[in-house]
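J.: Residue numbering for the sequence shown follows the working numbering, beginning at 692 and increasing consecutively. Before I ask anything, let me first share the structure, which is written out below as structure tokens.
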Amino acid sequence: MTYDLELFLSDQPAALERVLQTTRYRGFKISQLQMHNSGAGLQLSMQVSGPQPINILTTQLHKLYDLASLNIEQTLPQTA
692 MTYDLELFLS DQPAALERVL QTTRYRGFKI SQLQMHNSGA GLQLSMQVSG PQPINILTTQ
752 LHKLYDLASL NIEQTLPQTA
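Pasting the structure below:
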């Protein structure tokens, strides 16, 4: 399954690294990534895919002290 994640992180050193490491450790592949520093924090959009349920990843992301908010959308497969 493929999911779109929208995260808002505190603008701290290594905040992005912690998100990427957690994503990799949980077995998800990042296919798209976009980050913007809004001044109040980091806005991160990423598309991830993996065979396991998304809650395997989101449970761990919620434990990161840098995370202020997280929104998830499932991406539907495109039909030809």
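For each residue, glycine too, the CB sits at the ideal point set by N, CA and C.
State whether the stretch 745-764 contacts the stretch 695-711, with contact taken as three or more CB pairs (one from each stretch) at a distance under 8 Å.
T.: yes
J.: With distances taken Cα to Cα, identify the nearest neighbour of residue 724 among 735, 744, 716.
T.: Position 33 of the sequence shown, counting from 1, holds the residue named residue 724. Residue 724 has its Cα closest to that of 735, out of 735, 744, 716.
J.: Under DSSP, the beta strand (DSSP E) around residue 721 begins and ends at which residues?
T.: Locating residue 721 in the sequence shown gives position 30, counting from the first residue. Residues 720-728.
J.: If we call anything under 8 Å between Cβ atoms a contact, is residue 733 one with residue 758?
T.: Along the sequence shown, one-based indexing puts residue 733 at 42. Along the sequence shown, one-based indexing puts residue 758 at 67. No, they are not a contact pair.
J.: Do residue 754 and residue 740 have their C-beta atoms closer together than 8 Å?
T.: Looking up residue 754 in the sequence shown gives position 63. Looking up residue 740 in the sequence shown gives position 49. Not a contact, by the Cβ cut-off of 8 Å.
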